[in-house]
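A.B. asks:
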Amino acid sequence: MYKITTILASILITTNIIGYAEQQSLKVENNMPYLFKEIKANDNEAVLNFVKANPSLLEIRNSEGQTPLMLAIYQGNQELAIQLILAGANVNAQDNIKNSPFLYAGAEGYYDTVKLALAHGAKFDIYNRYGGTALIPAAEKGHVKNVELLANTPNFPIDHVNNLGWTALMEAIVLSDGGAKHVQIIEILLKAGANPNIPDNKGISALTHAKQKGYTDIVKLLESYHAK
Numbered sequence: 016m017y018k019i020t021t022i023l024a025s026i027l028i029t030t031n032i033i034g035y036a037e038q039q040s041l042k043v044e045n046n047m048p049y050l051f052k053e054i055k056a057n058d059n060e061a062v063l064n065f066v067k068a069n070p071s072l073l074e075i076r077n078s079e080g081q082t083p084l085m086l087a088i089y090q091g092n093q094e095l096a097i098q099l100i101l102a103g104a105n106v107n108a109q110d111n112i113k114n115s116p117f118l119y120a121g122a123e124g125y126y127d128t129v130k131l132a133l134a135h136g137a138k139f140d141i142y143n144r145y146g147g148t149a150l151i152p153a154a155e156k157g158h159v160k161n162v163e164l165l166a167n168t169p170n171f172p173i174d175h176v177n178n179l180g181w182t183a184l185m186e187a188i189v190l191s192d193g194g195a196k197h198v199q200i201i202e203i204l205l206k207a208g209a210n211p212n213i214p215d216n217k218g219i220s221a222l223t224h225a226k227q228k229g230y231t232d233i234v235k236l237l238e239s240y241h242a243k
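By this note's numbering, the letter at position 127 of the sequence shown is numbered 142, and the numbering carries on one by one without gaps.
(1) Thinking C-alpha only, which one of 219, 228, 205 and 215 is nearest residue 237?
(2) Assign residue 173 to buried or exposed, taking buried as 16 or more other Cβ atoms, counted over all protein chains shown, within 10 Å of its Cβ.
(3) Below 8 Å on the Cβ atoms is my contact criterion, and I expect residue 179 with residue 166 to pass it. Report the Cβ-Cβ distance as a whole number of Å.
(4) In the structure shown, what three-state DSSP assignment does residue 239 receive?
(5) Considering only C-alpha positions, which residue in the set 160, 183, 198 and 107 is nearest to residue 212?
(6) Mark residue 127 as exposed unless 16 or more other C-beta atoms lie within 10 angstroms of its C-beta, in which case mark it buried.
(7) Taking the beta carbon of residue 241 as the centre, do at least 16 other beta carbons fall within 10 Å, making it buried, or is it exposed?
(8) Tell me the residue span of the alpha helix (DSSP H) that contains residue 176.
(9) I need the DSSP call for residue 11, collapsed to helix, strand or coil.
(10) Taking one C-beta from the segment 210-228 and one from the segment 154-169 each time, how about it: are there three or more such pairs within less than 8 Å?
(11) Can you round the beta-carbon distance between residue 54 and residue 109 to whole angstroms, since I take them to be within the 8 Å contact cut?
(12) Grab me the residues of residue 80's own chain with a C-beta within less than 6 Å of its C-beta, minus the 5 sequence neighbours each way, in chain order.
(13) Should residue 231 be labelled buried (16 or more other beta-carbon atoms within 10 Å of its own) or exposed?
(14) What did DSSP end up calling residue 129 once you bin it into helix, strand or coil?
(15) Determine the direct distance from the alpha carbon of residue 185 to that of residue 44, and round the result to whole angstroms.
(16) Applying the 10 Å Cβ sphere with the 16-neighbour rule, what's the burial state of residue 9?
(17) For residue 90, which three-state DSSP category applies?
(18) When you compare each of 146, 104 and 169 to residue 175 by their alpha carbons, which one comes out closest?
(19) Alpha carbon to alpha carbon, what distance is there between residue 217 and residue 243?
(20) When we look at the beta-carbon of residue 60 and count the other beta-carbons within 10 Å, is it buried (16 or more) or exposed?
(21) With burial defined as no fewer than 16 other Cβ atoms inside 10 Å of the residue's Cβ, what is the status of residue 86: buried or exposed?
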């Protein structure tokens, strides 16, 4: 009799656990569209209430593979992004087009988000769809603070070469207008130890590109660091 009672109790407990798990799963599924809707509406309070009540919502994804944090960053909502990171959101979760919160924040100049992501497990060996790091597009787009932060972060791959054959320094020349911001960025990269002599896929050096574009200030800067 005791054994039968024990077995029945075990079955009941197991059934309750499964039922609870199913309820929680359904709860997450039902809340998902509302959560992403509130993110798009920039209703930070509602979003944070959702994830506080159910932390598993932090890592759900929409049809584009975006987590709540990824969507918040796409919305340019740094305030919400920071709160989600502090709540434990994964800063390395890539969406369907290989953007991650860390990569995209770097590319878009979201300094506060990048700085916090570095303190919350940002990985340097996860790349965007061009095979690039957060630093490369930051350098191209003239985001001086992000470049300075990333270039001086210990163990950051400052000389990583993307699928186009460009380092951050190379991209800051090839895809820029050679203006004051990019002169400053190239100086930051060189001071941080970037190698000025890594050629592109065609074997053309950064110095040659700068000369061809007529970027006199960049040419002088590169030559002062023994670029060839």
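Cβ coordinates follow ideal geometry from the N, Cα and C atoms, glycine included.
C.D. replies: With the given structure in hand:
(1) 205
(2) buried
(3) At roughly 19 Å, the Cβ-Cβ gap does not stay under 8 Å, so residue 179 and residue 166 are not in contact.
(4) helix
(5) 183
(6) exposed
(7) exposed
(8) It is not in any alpha helix (DSSP H) - residue 176 carries neither H nor E in the DSSP assignment.
(9) Nothing can be reported for residue 11: it is not among the residues displayed for the chain, which extend from 16 to 243.
(10) no
(11) About 18 Å; that fails the 8 Å criterion.
(12) 110 and 111
(13) exposed
(14) helix
(15) Interpretation of residue 44 is limited by its pLDDT of 47, a score under 50 that renders its predicted location unreliable; no figure is taken from the coordinates.
(16) Since the first residue shown for the chain is 16 and the last is 243, residue 9 is missing from the structure and cannot be characterised.
(17) coil
(18) 146
(19) 15 Å
(20) exposed
(21) buried
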